[in-house]
Amino acid sequence: MNLELDGASRLHFVIGDPIAQVKSPAGVSEMLQARGHNALCIPGHVAPQDLDVLWAGLKTLKNLDGVIVTVPHKIAAVHMADRLSERAAFLGVVNTLRRTQTGWEGDMFDGIGHVSALQKAGCVLEGKRAVLAGAGGAGSAIAHALVLAGVSELAIHETDEVRREALIARLSSLGMATVFAGSADPTGFDVVVNATPSGMKEGDPLPFDGDKLTPDMFIGEVITKPAVSPLVERARSIGCRAITGVDMFVEVRDLMVDYLSAR
42 MNLELDGASR LHFVIGDPIA QVKSPAGVSE MLQARGHNAL CIPGHVAPQD
92 LDVLWAGLKT LKNLDGVIVT VPHKIAAVHM ADRLSERAAF LGVVNTLRRT
142 QTGWEGDMFD GIGHVSALQK AGCVLEGKRA VLAGAGGAGS AIAHALVLAG
192 VSELAIHETD EVRREALIAR LSSLGMATVF AGSADPTGFD VVVNATPSGM
242 KEGDPLPFDG DKLTPDMFIG EVITKPAVSP LVERARSIGC RAITGVDMFV
292 EVRDLMVDYL SAR
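Numbered per our numbering, the sequence shown spans residues 42 to 304.
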């Protein structure tokens with residue numbers, strides 16, 4: 042697709058650290074223009090300590106309509122929004138901000154996008170036992186979406202004890218599932234989800250003990266580069282069904298573009 046670009050183009054940024062792995066610039070730009078918007082999505086590599094300085098300048102651009110937020114800014118970016126959706130406020134994380142006539146609004150689509158990808162691949166979540174690695178921005182959202190989708194139990198494997206316990210308390214307050222601290226041992230779980238960066242770099246350890254995966258487990262992944270993560274590769278080699286981070290991205294991208302287009 043040949044993208045339109047001229048002085049009237051509206052801008053959307055995707056910001057993260059690192060940024061080279063993201064799929065959003067091309068995918069979001071193509072979808073926005075396919076819907077008739079003269080708009081582009083541009084990658085921005087910003088370190089955590091520079092986020093406030095970046096936002097102070099970026100939001101003054103009169104042709105900036107949206108910002109997509111990726112690792113590690115999804116928690117810090119909450120403060121970039123003037124208003125949050127109920128979901129984003131509950132979680133304390135955002136992955137998309139849009140300009141409106143009354144300020145910047147933020148929402149979070151990683152969780153519902155991941156669950157949508159799981160369900161489209163045939164994963165039944167209601168009444169199942171799930172274990173999730175990672176309680177950061179994406180992990181928190183996926184944990185929330187898994188609970189809302191009806192899992193009976195959810196174990197959170199997170200090395201940051203404060204972050205893990207805060208998420209467990211928040212999700213337990215819903216009264217919908219038993220939520221507790223988990224480990225890298227997936228034994229006994231039906232659904233196993235990685236929401237950590239482990240696997241992006243060559244030599245990274247698996248987020249779960251690969252020797253304890255069994256063919257009846259369904260695997261979820263957030264990593265988009267490599268397209269097939271070491272966890273997914275290992276799981277598929279023993280007969281597990283699995284979704285990749287790219288599968289998740291497709292669902293999240295569609296939700297983000299709907300949100301950005303509806304402003």
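For glycine and all other residues, C-beta sits at the position ideal for the given N, C-alpha and C. These numbers were taken from a predicted model, which means no experiment stands behind them.
Next item on the list: Sort L92, A117 and K253 by Cα distance to V134 and report the nearest one.
Entry: A117
Margin query: Please state whether the Cβ-Cβ distance between D106 and A80 is less than 8 Å.
Written below: yes
Notebook entry, point to check: Once you ignore the five residues that flank D123 on each side, which residues in its own chain have a CB closer than 8 Å to its CB?
Noted result: T143, G144, W145 and E146
Notebook entry, point to check: Is the distance from the Cβ of F150 to the Cβ of V63 below 8 Å?
Noted result: no
Next item on the list: Please go through the same chain and pick out, in chain order, the residues whose beta-carbon is closer than 6 Å to the beta-carbon of V108, but skip the five residues on each side of it.
Entry: In its chain, beyond the 5 residues on either side, F54 and L138 have a beta carbon closer than 6 Å to the beta carbon of V108.
Check: Is it buried or exposed for D231, if we count other Cβ within 10 angstroms and need 16 for buried?
Finding: buried
Check: Would you call the segment 214-223 and the segment 258-271 in contact, with 3 or more CB pairs under 8 Å?
Finding: no
Check: Could you give the distance in angstroms between the alpha-carbon of H156 and the alpha-carbon of D93?
Finding: Per the sequence shown, the amino acid found at residue 156 is Val instead of His. Cα to Cα, V156 sits roughly 31 Å from D93.
Note to self: Can you find the residues in the same chain that come closer than 6 Å, C-beta to C-beta, to E199, ignoring five residues on each side of it along the sequence?
What the structure shows: A176 and R205
Next item on the list: On a CA-only basis, which of A225, M121, V192 and G154 is nearest A97? Give me that one, please.
Entry: M121
Check: Whose C-beta lies closer than 6 Å to the C-beta of N235 among residues of the same chain, with five residues either side of it excluded?
Finding: A174, P248, E262 and L272
Notebook entry, point to check: Of the residues P238, R51, A283 and A303, which one's Cα is nearest the Cα of D257?
Noted result: Taking D257 as reference, the option from P238, R51, A283 and A303 with the minimal CA-CA separation is A283.
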